[in-house]
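Novice: Sequential numbering from 23 applies to the sequence shown in this note's numbering. C-beta atoms are modelled at their ideal positions from N, C-alpha and C, and glycine is treated no differently.
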Amino acid sequence: MSKVVVITGASGGIGYYTAKVFAENGYTVYGLCRTKGDLVGVNYISTDLKRDESVNAAFDKIKEESQSIDILINNAGVGITGAVEFSEMSDVDWQFNVNVYGTMRCIKHALPLMRQKGGKILNISSIAAIFPLPFQGVYSMTKTAVNSLSLVLRNELRDFNIDVCSIMPGDAKTGFTDARRKNNAGDDLYGGIISHSVNKMIHDEETGRHPSEYAQRIYHISSKRKLKPFYATDLAYSVAIVAERLLPKRFVYYVLSKMYIRRPKEKSKS
Numbered sequence: 023m024s025k026v027v028v029i030t031g032a033s034g035g036i037g038y039y040t041a042k043v044f045a046e047n048g049y050t051v052y053g054l055c056r057t058k059g060d061l062v063g064v065n066y067i068s069t070d071l072k073r074d075e076s077v078n079a080a081f082d083k084i085k086e087e088s089q090s091i092d093i094l095i096n097n098a099g100v101g102i103t104g105a106v107e108f109s110e111m112s113d114v115d116w117q118f119n120v121n122v123y124g125t126m127r128c129i130k131h132a133l134p135l136m137r138q139k140g141g142k143i144l145n146i147s148s149i150a151a152i153f154p155l156p157f158q159g160v161y162s163m164t165k166t167a168v169n170s171l172s173l174v175l176r177n178e179l180r181d182f183n184i185d186v187c188s189i190m191p192g193d194a195k196t197g198f199t200d201a202r203r204k205n206n207a208g209d210d211l212y213g214g215i216i217s218h219s220v221n222k223m224i225h226d227e228e229t230g231r232h233p234s235e236y237a238q239r240i241y242h243i244s245s246k247r248k249l250k251p252f253y254a255t256d257l258a259y260s261v262a263i264v265a266e267r268l269l270p271k272r273f274v275y276y277v278l279s280k281m282y283i284r285r286p287k288e289k290s291k292s
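Next up, the structure:
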C-alpha cells in the first residue's frame, strides 16, 4: 500500500508542484484547497481552512478512504502588506486564521490518523520568520508563530514517533504575489517607503525561484529519517540565518532597513 501525504494549498504555487512530485513518486496524495487543482493523481478535497467543519469533513473523508496519514504538509498561506499602524484587525484575524489556526486545525485532525504508525509534519513557514521585514509585519508574525508551533510539537509528539519541522522557502515566482492583500494606507505619512518596500518585495518574488525547485527540496526533506527543527531552502538564506544568530541584532536590522526602508527620492541619488 502506498504512503499517504496530505498537502494544503495544493492548487497552485509551491503546493501544486509539491503535490505533483509526491504523486510522481507513488504516494497517495490528498490536496486540501478552496479551489480544486488539475493534477492527475491528486485527490482534491475542497476545504476552507478557516472553518472547523470544513477541515473536519476533509479529514473524515481521508480517514474513510485511507485510514492513516504518513505525511502532513501545511503549505497553505495568505499574505498582507502594510504598516502595522494602519493594519485592519479584520485582515490580521483573516491572516492568522489561515496561516496559524488553519495549520493547527489540520494538525489536530491529522494526529489521530498518524499516531498508530508515526509520521512527519512539515510546516511551510518563511524566511520572514527569521528576518521580519518592514511592512510585512503581520505575515512575519504568523510565520514566527508557525516556527514556534513546530518546536512545541517536536517535544509533545516525540513519544508517538511523529517528527515535525518548519521549512522556510525564500522568494518564489507564484500566484501568491498577486493574491496578497496590499494596504498602502499611510504611505504619504511614511514618505513613500511603504510602497517602495512592497515594490521591492514584489520584484524579488517575480525574479525568484520556480516553485518546482522548492517542491523538490520539500520532497527531499520529507524522505529524511530524522528531521531537523528548521530548514532553509536556499544556501544564501542558510548562511544568512547563521549570520543572524552570530551578529548583533542591531546591525542585522540596520542592514534590513537599508534594503527595504528607502524613500523614493533617495533612490534617484544612487
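1. Between D256 and the rest of its own chain, which residues show a CB-CB distance below 6 angstroms, the 5 nearest in sequence each way excluded?
2. Taking the alpha-carbon positions, what's the Q238 to Y276 distance?
3. Taking a contact to mean a Cβ-Cβ separation below 7 angstroms, would you say F108 touches A207 in this structure?
4. Let's test the definition: count the other Cβ atoms within 10 Å of the Cβ of K291 and tell me whether it reaches 16, buried, or not, exposed.
5. Within the chosen definition, does the segment 130–138 reach the segment 114–121 through at least 3 CB pairs nearer than 8 angstroms?
6. Compare the C-alpha of S88 against each of P156, V26, P233 and G230 and name the closest.
7. Beta carbon of A41, beta carbon of L61: below 7 angstroms?
8. In the DSSP assignment, what are the bridge partners of G141?
9. For F283 versus P156, is the C-beta spacing smaller than 7 angstroms?
10. Which same chain residues, not among the five before or five after I149, have their C-beta less than 6 angstroms away from its C-beta?
11. Helix, strand or coil: which one does DSSP assign to K250?
12. Taking the straight line between their C-alpha atoms, what separation do you get for S219 and S245?
13. From the DSSP output, in three-state form, read off I189 for me.
14. For C55, write down the residues that DSSP places opposite it in a beta bridge.
15. Whose C-alpha, out of I129, M111 and L173, is nearest the C-alpha of I91?
16. Cβ atoms of G35 and I29: under 7 angstroms apart, would you say?
17. Name the DSSP beta bridge partners of G197, please?
18. Report back the beta-carbon spacing between S147 and S188 to the nearest angstrom; my notes put them in contact at under 8 angstroms.
19. Report yes if the C-beta distance between A98 and G31 is below 7 angstroms; otherwise report no.
Specialist: The structure says:
1. Against the sequence shown, residue 256 aligns to sequence position 234. G192, listed in sequence order.
2. If you number the sequence shown from 1, residue 238 lands on position 216. If you number the sequence shown from 1, residue 276 lands on position 254. Answer to the nearest angstrom: the Cα atoms are 34 angstroms apart.
3. Translated into positions along the sequence shown, residue 108 becomes position 86. Translated into positions along the sequence shown, residue 207 becomes position 185. Yes.
4. In the sequence shown, residue 291 corresponds to position 269, counting from 1. Bear in mind that the predicted position of K291 carries a pLDDT of just 45, short of 50, making it too unreliable to give a figure here.
5. no
6. Taking the first residue of the sequence shown as 1, we reach residue 88 at position 66. When only C-alpha atoms are compared, the closest one is V26.
7. Taking the sequence shown and counting its residues from 1, one reaches residue 41 at position 19. Taking the sequence shown and counting its residues from 1, one reaches residue 61 at position 39. Yes, Cβ-Cβ distance for A41 and L61 is below 7 angstroms.
8. Within the sequence shown, the letter at position 119 stands for residue 141. DSSP output for G141 lists I184 as bridge partner(s).
9. Position 261 of the sequence shown holds residue 283. Position 134 of the sequence shown holds residue 156. Just to set this straight, residue 283 is Ile in the shown sequence, not Phe. In contact: I283 and P156 (Cβ atoms closer than 7 angstroms).
10. Position 127 of the sequence shown holds residue 149. Hits under 6 angstroms: M190, G192 and Y259.
11. As a working note, residue 250 is residue 228 in the sequence shown. Residue state, collapsed to three classes: coil.
12. In the sequence shown, counting from the first residue as 1, residue 219 sits at position 197. In the sequence shown, counting from the first residue as 1, residue 245 sits at position 223. So the two alpha carbons sit approximately 37 angstroms from each other.
13. Numbered from 1 along the sequence shown, position 167 holds the residue referred to as residue 189. Of the three classes helix, strand and coil, the one that applies to I189 here is strand, per DSSP.
14. As a first step, residue 55 is located in the sequence shown; it is residue number 33 there, counting from the start. Answer is S68, bridged to C55.
15. Position 69 of the sequence shown, counted from the first residue, corresponds to residue 91. Checked all of I129, M111 and L173; the closest Cα to I91 is I129.
16. Indexing the sequence shown from 1 puts residue 29 at position 7. Indexing the sequence shown from 1 puts residue 35 at position 13. In this structure, G35 does not lie closer than 7 angstroms to I29 by Cβ.
17. Reading the sequence shown from its first residue, position 175 is the one you call residue 197. Looking at the DSSP assignment, G197 forms no beta bridge with any residue, so it has no partner.
18. For the purposes of this step, residue 147 is identified with residue 125 of the sequence shown, where counting begins at 1. For the purposes of this step, residue 188 is identified with residue 166 of the sequence shown, where counting begins at 1. So it is a contact: roughly 4 angstroms between Cβ atoms.
19. Indexing the sequence shown from 1 puts residue 98 at position 76. Indexing the sequence shown from 1 puts residue 31 at position 9. Contact: yes.
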